[in-house]
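As they're listed, the protein sequences go chains C and U.
Heads up, the first sequence is in our numbering, so the first residue is 128 and it goes up one at a time.
Heads up, the second sequence is in our numbering, so the first residue is 2 and it goes up one at a time.
All residues carry an ideal CB built from backbone N, CA and C; glycine is no exception.
Taking it in order: structure first as structure tokens, then the write-up.
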Amino acid sequence: MNRRIGNLFIVLAVGLLALIGMTTYWQVWARSSLEARQANVRLVYRDLAIDRGAIVSSDGVTLAESKPGTLDGRTVYYRHYPTAGLAAQLVGYSSLLAGRAGLERSLDPELTGSTGDLAGVVNSFDRMKGDTVRGDQVVLRLNAAAQKVAMEQLTSLGVRGSVVVLDPSSGGILVMASTPTYDPNTGLEKALSDPGSPLLNRATQGLYPPGSTFKVVTAASALDAGVVTPDTKFPGPACINSGGQPLCNYHGHAYGPHNFGYALIHSINTTFAKVGAELGQDKLEATMRGFGFFSRFPWDYPPEQTLPSGIFNRSGNMISANAPIDVPRVAIGQERLLATPLQMAEVAAAVANGGQIIQPEPVQEVRAPDGSVVRRPSPVYLGRAMTTETAATLRGLMKQVVDEGTGGAAAVAGLDVAGKTGTAETGRAGKNDAWFIGFAPAEASRYAFAVLVEDVAGTGGDVAAPIVAAVLRALTALTT
Amino acid sequence: MTPDRGFLRLPMRNRELSLIGLALLITTAGFAAVQLARAQEFASSPLIAAAFFAGAYLVAHLVVRFTLPDADPYVLPITAVLTAIGLIEIYRIDATLARDQGIWILIGLALFIGVIIAFRDIRRLETLRYTCGALAVVLLLATITLGAQVNGARLWIRIGGLQIQPGEFAKILLVIFLAGYLRERREVLAAPTRKLLGVGIPALRHSLPLLIIAGASLVLLVAMNDLGSSLLFYVIALAMLYIATGRLLFVALGGGLFALGAAAAVQITPHVQTRIDGWLHPWANEQAQCCYQITQSIYTIADGGVLGAGFGRGLILNSAGGTIIPFAQTDFIYSVIANEMGLVGAAAVILLYLLLAWRGFRIATTADDGFSKLLAAGLATAVAFQVFVIVGGVIRLLPLTGLTLPFVSYGGSSVTANFAIAGLLLCISQRANRERV
């Protein structure tokens, strides 16, 4: 009997030792791969130990902050967004549930104090000691008061759309509005599955046919190439033929003989189609590239939330440079051309800037927990889109668009507003994408902007231009 | 090895006392560590609790010293360390639960003292074998008929405000019954009376009770909705049958029978099926019913690493104050230990069980009557295999089940039943050692 008792003990002992073996596997062998798993809530809880830096607007409104709480006997910090949906897409979220997006994602190293520099190394020692790591505070260029006006304009119309205002001299993002919006404090879970895509930052991820606003690009290309001057004469028929299809002016209007400048001010499609045909695909695409089309803008924002503008095939992929396109239709902003509101604001900023493309910059400065300034971004020029002379010519013409052309509704008393309207056909009857892009003042501009409203019956001049006027009034009221 | 030899030269009860002293040091240090890690200011309540704990074990030791002077000196200190580790981790999860557990440990020690006084002469228990068998059946029937489902399995009955897990006690009664029954019948069971296909089998009337146990285990699997309990009962029975008869064929046949029966029974018990899904494919859908507990358990264990986070310093509770792993204080206490004490501590806990099993089997080999041998081996098997099944479940070696970790898990039934086992082992060893001395 004793031998059998011994055998049984050996069997059970092997079983118990197998438990130690398997525990060793999890704690030593599989540990690092388990730690990296997305579904491991411990990762997120660990991040909660960091006093993540606040995000505030240039006018001192707190957009994101960390509030202390307790978790399993330790102090943790929960993210709170006091302004809810005000700039939800730009600021993004840092969430246990959904991870991170927007500036919360791209500025994460600074917000969590885990940058590669000396401060980051000191913080990693604090983390090892169990001390609370405090992240840096980020002050945005965003103007919360003007952002609020932009959001109110869009939401009061009940439309999907976007407003982008840049400071053309620094690239600073003064306004970046996108509707519909959501409350990142409470509405994130619902927003993830909302068919209206409130998480989408329409300013950087929304692709829309730019319509007549693109005539600024065509005009820059044609003026630079010497294909036209502002005084070049055109016949102005109601329709021409392009690619086997009629290409007509808005409402089939016939203008009669006019010069090129007049065609821009009054947005004459047949003239721009003709100019596009004379320019040819290579020259037009080269100018587009200069404006930033066909590639992502490199800026302090998650790349996957910054879509490049360009010409896309039916399955949504950008078509290659030499693929056959209907150039005259691209020249008037149609065909398969799609652009983000940020791209079109950059087009306007380039005209205001004497032809230079400036990198979008969301950050005014980054402050360490002790209040000292860690980083203050300086303007980054990404290249030249047109000559200074062409830019000056276009500034004059775009001012006339507001003074006497299609953009009258954008006028603001005491401010020289220059711009270009756009009413892009979406292919759905009675549904247009209404645009207005431009800058103000017309010379030495402080604001360059693009407004887009999705799926409305009205034109850019009717729907988008008044939004510009309201936002500009808010911005100038604040500075004067 | 001189110090060891010195230690082994100590009288047995002094050995026990010094080891209990060591266990109390661990207890006090553990409570202090949790207190320092979690509270802003020092509170004396956990030290008062540690003092109570110390007092209770010293009383138990004194009773052993006077009633069972020659009993095994290691069993009681091992239970002291295990209950201390459990109590510290439960205190770390929730102070109120720890207070309850402390009371259960006191009641458990009282039962321990009651057992060693009542069954000082273990032969007295042998006469009660059929009573024990009948009582085991009654308890299990009560569980099935009156039982409430907790976490999917039907292992609990409610009496007044108390939740009782009768299976823990039925397990001991079953071992007592089997020890008495097998000692009585082992000759006829071992000696086949007829041959079937060249294999000797015992007469049906002798093997009938065993077939009943096999069938009953499968019924329990379906009725209790828990693979672990029925497997535990069945393995205990098979192990004791093997010791009594030495016939591996019984074990093989019985094992095969159970595997087939279980495979069929699982088809009609969705809860067990879910557990098996979670065992085979836990990463497929981590948030789902099947897999949340087991994956969180594995994350918790892995997070501990080799040295662990330290008592009270792991991440066990969620923002709502509950445990991240549901049922962390009962089924998943091993995961919490592995997190805070690391591989070193978790392995030490397993080795303590191995040591306890070794003492149990050693008591079985030194005992000189069949009943004592079978009883000690059966009880040691019950503890060791229960540890294997529940820890195997939380580390994904086996499908997850609703068993408790003996002496460590939160729960009155589990704690008191295991103290009864410890008491019985000491009674057996007293008789074995006294005859030897």
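Please classify arginine 600(C): does DSSP put it in a helix, a strand, or coil?
Here arginine 600(C) sits in helix by DSSP.
Determine the burial state of lysine 401(C): buried for a count of at least 16 other Cβ atoms within 10 Å of its Cβ, exposed for fewer.
Buried.
Select from the segment 311-340 of chain C all residues with a C-beta closer than 9 Å to any C-beta belonging to chain U, and list them in chain order.
Flagged: no residues at all.
Between the C-alpha atoms of alanine 536(C) and aspartate 543(C), what's the straight-line distance to the nearest angstrom?
Going from the Cα of alanine 536(C) to the Cα of aspartate 543(C) covers about 13 Å.
Residues of chain U with CB under 7 Å from arginine 179(C), in chain order?
Residues of chain U passing the Cβ test: none, with the nearest at roughly 16 Å.
DSSP on proline 195(C), reduced to helix/strand/coil?
DSSP places proline 195(C) in strand when its eight states are reduced to three.
Drop a sphere of 10 angstroms on the beta-carbon of tryptophan 157(U), count the other beta-carbons inside from all chains shown, and report buried for 16 or more, exposed for fewer.
With 16 or more Cβ atoms within 10 Å of its Cβ, tryptophan 157(U) is classed as buried.
Nearest to glycine 549(C) by alpha carbon, out of Phe341(C), Val595(C) and Ala140(C)?
That would be Phe341(C), whose Cα lies nearest to the Cα of glycine 549(C).
Who pairs with lysine 172(U) in a beta bridge, going by DSSP?
None, per the DSSP bridge assignment.
Can you confirm whether arginine 423(C), when its beta carbon is compared against all beta carbons of chain U, has any partner nearer than 8 Å?
No, arginine 423(C) lies away from the interface with chain U (no Cβ there is under 8 Å from its Cβ).
Tell me whether leucine 163(U) sits in a helix, a strand or coil according to DSSP, three-state version.
Leucine 163(U): strand per DSSP, three-state reduction.
I'd like the list of long-range same chain contacts for asparagine 419(U), defined as Cβ closer than 8 Å, with 5 residues on each side in sequence excluded.
Same-chain partners within the cutoff: Thr80, Gly109, Glu169, Val384, Pro407 and Phe408.
For alanine 423(U), which residues of its own chain have a beta-carbon under 8 Å away from its beta-carbon, when the five flanking residues on both sides are left out?
So the qualifying residues of the chain are Val76, Leu77, Thr80 and Phe113.
Can you confirm whether arginine 39(U), when its beta carbon is compared against all beta carbons of chain C, has any partner nearer than 8 Å?
Answer yes: the Cβ-Cβ gap between arginine 39(U) and chain C drops below 8 Å somewhere.
Isoleucine 147(C) touches chain U at which residues, Cβ-Cβ below 7 Å?
Ordered by position in chain U, the residues that pass the 7 Å Cβ test against isoleucine 147(C) are Ala348 and Ile351.
Measure how close the beta-carbons of valine 457(C) and glycine 403(C) come, nearest whole angstrom, since I'm counting them as under 8 Å.
Their Cβ separation, rounded to whole angstroms, is 6 Å, which keeps valine 457(C) and glycine 403(C) in contact under 8 Å.
Comparing the C-beta of phenylalanine 418(C) with each C-beta of chain U, is any distance below 8 Å?
No, phenylalanine 418(C) lies away from the interface with chain U (no Cβ there is under 8 Å from its Cβ).
Can you pull the chain C neighbours of lysine 374(U), defined as C-beta to C-beta under 9 Å?
Those within 9 Å of lysine 374(U) in chain C are Met128, Asn129 and Ile132.
Using the rule of at least 16 other Cβ atoms within 10 Å of the residue's Cβ for burial, across every protein chain shown, is serine 230(U) buried or exposed?
Under this definition serine 230(U) is a buried residue.
With contact counted as at least three CB pairs below 8 Å, one residue from each stretch, are the segment 418-435 of chain C and the segment 465-478 of chain C in contact?
The segment 418-435 of chain C, when compared against the segment 465-478 of chain C, does touch it at the 8 Å Cβ threshold.
Looking only at its chain, what residues have a beta carbon closer than 6 Å to the beta carbon of threonine 515(C), apart from the 5 residues adjacent to it on each side?
Excluding residues within five positions, the ones whose Cβ falls inside 6 Å are Gly481 and Gly482.
DSSP has cysteine 375(C) in a bridge; who is on the other side?
Cys366(C).
Who are the neighbours of serine 320(U) on chain C, taking C-beta pairs under 9 Å?
Ordered by position in chain C, the residues that pass the 9 Å Cβ test against serine 320(U) are Tyr172, Leu175, Gly196, Thr197, Leu198, Asp199, Val203, Tyr205 and Leu223.
Count the other CB atoms, across all protein chains shown, that sit within 10 Å of the CB of proline 271(U); report buried if there are 16 or more and exposed otherwise.
Under this definition proline 271(U) is an exposed residue.
Going by the DSSP bridge assignment, what does tryptophan 562(C) pair with across the sheet?
DSSP, once it has assigned bridges, lists Gly549(C) and Leu579(C) as partnering tryptophan 562(C).
If threonine 609(C) and asparagine 376(C) are in contact, beta carbons under 8 Å, what's the gap, nearest whole angstrom?
Outside the shown range of chain C (128 to 607) lies residue 609(C), about which nothing can therefore be said.
If we define contact as Cβ-Cβ less than 8 Å, is glycine 229(U) a contact residue for chain C?
Not closer than 8 Å to any Cβ of chain C, the Cβ of glycine 229(U) fails to qualify, so no.
Any idea what DSSP makes of aspartate 178(C), helix, strand or coil?
If DSSP states are grouped into helix, strand and coil, aspartate 178(C) belongs with the strands.
Please confirm whether glutamate 287(U) has its beta-carbon closer than 8 Å to some beta-carbon of chain C.
So, interface residue.
If I'm right that isoleucine 395(C) touches valine 528(C) with Cβ under 8 Å, what's the distance once you round it to whole angstroms?
Contact doesn't hold; Cβ gap of about 12 Å is too wide.
Any chance the segment 112-129 of chain U sits against the segment 49-68 of chain U, with 3 or more Cβ pairs inside 8 Å?
Contact holds: three or more Cβ-Cβ distances are below 8 Å.
Can you pull the chain U neighbours of alanine 157(C), defined as C-beta to C-beta under 9 Å?
Result: Ile299 and Ala303.
Does asparagine 406(C) have its Cβ less than 8 Å from a Cβ in chain U?
In the sequence as displayed, the identity of residue 406(C) is leucine instead of asparagine. Not one chain U Cβ lies under 8 Å of leucine 406(C).
Just checking my contact of isoleucine 326(U) with glutamine 297(U) at CB under 8 Å: how many whole Å lie between their CB atoms?
Yes, they are in contact, since the Cβ atoms of isoleucine 326(U) and glutamine 297(U) sit about 5 Å apart, within 8 Å.
Quick one: complete beta strand (DSSP E) runs, 3+ long, within the segment 317-341 of chain U?
Listed in chain order, nothing qualifies, since the segment 317-341 of chain U has no complete beta strand (DSSP E) run of 3 or more residues.
I want to verify the contact list: residues of chain C whose CB lies under 8 Å from the CB of tryptophan 359(U), in sequence order.
Under the 8 Å cutoff, chain C gives Phe136 and Ala140.
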